[in-house]
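Undergrad:
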Amino acid sequence: MMLGNVVDPLEKLELTDTLQRLGLSYHFEAEINKSSKNTSTDHISTIAWKKDNLYAIALELRLLRQHGYKVDQDVFTCFMNDVGNIKSSLNQDFKGLLNLYETSYLLLEGEIVLENARELVVKLLKQYFKENPDHQYLWMLVDHALELPLHWRMPRLEARWFIDVYEKNKDKNPIIFELAILDYNIVQYMHQKDLRYASTWWKELGLGERFNFARDRMMENFLLSVGMIITPQDGKSGRIQTKINALITVIDDVYDVYGTLDELELFTDVVERWDINSIQSLPHYMKIYYHALYNSINEMAFDSLNEQGIDVIPFLKKLWTNLCKSYLLEAIWYYIGYTPTLQEYIDNAWISIAGSVMLAHSYLITDHIMEKGLGNIQERYSDIIYRSTIIVRLENDLATSLVSNI
1 MMLGNVVDPL
11 EKLELTDTLQ
21 RLGLSYHFEA
31 EINKSSKNTS
41 TDHISTIAWK
51 KDNLYAIALE
61 LRLLRQHGYK
71 VDQDVFTCFM
81 NDVGNIKSSL
91 NQDFKGLLNL
101 YETSYLLLEG
111 EIVLENAREL
121 VVKLLKQYFK
131 ENPDHQYLWM
141 LVDHALELPL
151 HWRMPRLEAR
161 WFIDVYEKNK
171 DKNPIIFELA
181 ILDYNIVQYM
191 HQKDLRYAST
201 WWKELGLGER
211 FNFARDRMME
221 NFLLSVGMII
231 TPQDGKSGRI
241 QTKINALITV
251 IDDVYDVYGT
261 LDELELFTDV
271 VERWDINSIQ
281 SLPHYMKIYY
291 HALYNSINEM
301 AFDSLNEQGI
311 DVIPFLKKLW
321 TNLCKSYLLE
331 AIWYYIGYTP
341 TLQEYIDNAW
351 ISIAGSVMLA
361 HSYLITDHIM
371 EKGLGNIQER
381 YSDIIYRSTI
391 IVRLENDLAT
401 SLVSNI
């Protein structure tokens with residue numbers, strides 16, 4: 001009961017933030033959730049301990065929004081002057097400004113107060129450290145935040161960085177610090193085991209050697225899964241995710257750079273049939289890939305059936321069919337020289353980025369499937385998945401466009 005023993009509300013928020021940034025929050029998930037719920041219920045900016053305290057209010061709002069609670073941006077209006085700038089009395093409030101900056105990356109559409117505050121805060125933080133160059137610990141925090149906000153960072157990488165920073169904090173809790181080091185080393189060892197497992201699987205599969213035209217990026221695929229699967233309890237999901245990422249990378253290159261249009265149409269049809277006996281019409285290299293895909297997915301489906309009693313093959317078959325059809329459509333556009341409209345592009349691109357395929361496989365071994373079933377999950381989260389994958393697709397294509405124009 002670490003959080004339960006903390007009486008002061010601000011200290012409780014600070015402890016929650018520290019645990020999260022050190023990568024320890026999964027050990028105290030129930031306590032943090034309970035504390036966040038209580039905080040959201042009592043969220044009134046005029047309560048004595050946080051009244052006129054930019055740091056307390058910004059930290060509270062950031063943590064609540066990170067946990068999915070709705071908190072109005074208007075709590076910050078009392079810190080603005082008549083022309084919408086941050087009051088000059090707050091120019092030296094380093095911790096308050098830094099948390100307001102981080103909070104500004106959790107804004108909702110139309111939240112002008114937070115949007116305008118970000119630009120002002122950046123200027124004030126930079127000015128603060130021009131005037132206080134000896135504050136090395138504080139400068140590390142600001143420099144790190146201005147490079148990339150916390151909301152955009154990979155939690156495990158952030159934990160490694162923050163352990164070193166927290167060590168320099170004169171107010172650090174030595175027990176929490178030692179726990180963070182121990183936990184990080186344990187999780188690192190688990191990641192190393194998972195990487196050895198993935199590397200062995202990939203080598204035995206042989207796609208990296210046989211498909212020399214395709215990207216052989218096992219390490220990148222593994223790192224992506226580490227970024228998506230945060231806690232060590234989700235290690236099995238991480239191993240599944242790595243496999244799926246690798247399989248997607250290869251088939252993406254088959255459709256993009258290697259297969260003929262006739263071959264791609266045949267392969268798409270075979271995936272839709274999901275019948276190993278239908279591969280005779282495929283060229284040899286596609287037979288190899290289809291065997292790898294078919295066996296890998298069926299193995300995952302068997303584990304789901306064995307452990308949870310749910311047959312996920314129809315669901316996964318549909319996902320992979322839709323993915324291959326989206327790849328095929330892009331290939332057809334390329335072969336006939338067709339430029340799609342923006343809506344045509346969006347309607348296909350959110351599927352071809354493969355985000356829904358990645359997420360679905362990671363979800364297979366969770367208890368949510370047993371509780372709600374695949375259909376309910378797909379329906380409940382369809383809008384979140386669609387919007388998330390659109391963001392990833394647009395970011396991906398923008399980066400590709402920028403590289404192509406260099």
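Note that UniProt numbering numbers the sequence shown so that position 87 is 87, with each residue one more than the last. Beta carbons are placed, not taken as given, at the ideal position from N, Cα and C, and that holds for glycine. If you're wondering where the values come from, they're calculated on a predicted model, not measured in any experiment.
(1) Secondary structure at I279, three-state DSSP: helix, strand or coil?
(2) Going by DSSP, what residue range makes up the alpha helix (DSSP H) through I57?
(3) Just list the residues that DSSP pairs M300 with in beta bridges.
(4) Closest to N185 by C-alpha separation, out of Y258, R156, G227, would be which residue?
(5) My guess is that A292 and L207 are in contact by the Cβ rule of under 8 Å, so how many angstroms apart are they, rounded?
(6) Using the rule of at least 16 other Cβ atoms within 10 Å of the residue's Cβ for burial, across every protein chain shown, is N221 buried or exposed?
(7) Mark I276 as exposed unless 16 or more other C-beta atoms lie within 10 angstroms of its C-beta, in which case mark it buried.
(8) Tell whether a beta-carbon distance below 9 Å holds between W274 and T321.
(9) Please classify Y356: is it buried, with 16 or more other beta-carbons within 10 angstroms of its beta-carbon, or exposed?
(10) Since D82 is in the alpha helix (DSSP H), which residue starts that stretch and which ends it?
(11) Please classify N396: does DSSP put it in a helix, a strand, or coil?
(12) Is residue 413 near F302, with beta carbons less than 9 Å apart?
(13) Can you tell me which of L329, E111, I181, I288 puts its alpha carbon nearest to the alpha carbon of I346?
(14) Pick out the complete alpha helix (DSSP H) segments inside the region 191–215, 4 residues or longer, and give them in chain order.
(15) Tell me whether L120 sits in a helix, a strand or coil according to DSSP, three-state version.
(16) Just to confirm, are E102 and P174 a CB contact at a threshold of 9 Å?
(17) Would you report the Cα separation of N405 and R153, rounded to the nearest angstrom?
(18) Which residue from N81, D82, K95, N85 puts its Cα closest to that of A58?
(19) Skipping 5 residues on each side, what residues in its chain have a beta carbon closer than 6 Å to that of K317?
(20) State the DSSP-derived secondary structure class of E167, mapped to helix, strand or coil.
(21) Between the region 161–169 and the region 14–27, can you find at least three pairs of beta-carbon atoms closer than 8 Å?
(22) So, is R196 buried or exposed, given that buried needs 16 or more other C-beta atoms within 10 angstroms?
(23) Helix, strand or coil: which one does DSSP assign to R156?
(24) Since W274 is in the alpha helix (DSSP H), which residue starts that stretch and which ends it?
(25) With a threshold of 8 Å, are at least 3 pairs of Cβ atoms found where one atom belongs to the region 257–264 and the other to the region 230–247?
(26) Would you grab the beta carbon distance between V312 and L364 for me? Rounded to a whole angstrom, and I think it's under 8 Å.
(27) Measuring CA to CA, which of E60, Q127, K51 is closest to E11?
(28) Hey, I86 and L120 are a contact pair by Cβ (cut 8 Å); roughly how many whole angstroms apart?
(29) Please classify T268 as buried or exposed, where buried requires at least 16 neighbouring CB atoms within 10 angstroms.
(30) DSSP on I181, reduced to helix/strand/coil?
(31) Alpha carbons only, please: which of N132, L319, M358, W333 is nearest the one belonging to Y255?
(32) For residue 407, is the classification buried or exposed, using 16 other Cβ atoms within 10 angstroms of its Cβ as the cut-off for buried?
(33) How would you write the range of the alpha helix (DSSP H) that L100 sits in, first residue to last?
(34) For my contact list, Y271 and C324 are in at a C-beta cut-off of 8 Å; report their separation, rounded to the angstrom.
(35) Would you identify the three-state DSSP class for P340, choosing helix, strand or coil?
(36) For A354, which residues in the same chain have their Cβ closer than 7 Å to its Cβ, ignoring the five residues on either side in sequence?
TA: Considering the structure as presented:
(1) helix
(2) 54–66
(3) Paired residue(s): none; M300 is not in a bridge.
(4) R156
(5) 6 Å
(6) buried
(7) exposed
(8) yes
(9) According to the sequence as given, residue 356 is Ser; it is not Tyr. With 16 or more other Cβ atoms within 10 Å, it is buried.
(10) Neither: D82 is in no alpha helix (DSSP H) and is coded neither H nor E.
(11) helix
(12) No answer is possible for residue 413: the residues shown for the chain start at 1 and end at 406.
(13) L329
(14) 207–210
(15) helix
(16) no
(17) Only weak support is given to the placement of N405: the predicted model assigns it a pLDDT of 48, under 50, and the value that follows is read from those uncertain coordinates. Their backbone Cα atoms lie some 27 Å apart in a straight line.
(18) K95
(19) W274
(20) helix
(21) yes
(22) exposed
(23) helix
(24) Neither: W274 is in no alpha helix (DSSP H) and is coded neither H nor E.
(25) no
(26) 6 Å
(27) E60
(28) 5 Å
(29) buried
(30) helix
(31) W333
(32) The chain is shown from 1 up to 406; residue 407 falls before or after that span and cannot be answered.
(33) 94–103
(34) The amino acid occupying residue 271 in the given sequence is Val; Tyr does not appear at that position. Contact holds; Cβ gap of about 5 Å.
(35) coil
(36) I248, L323
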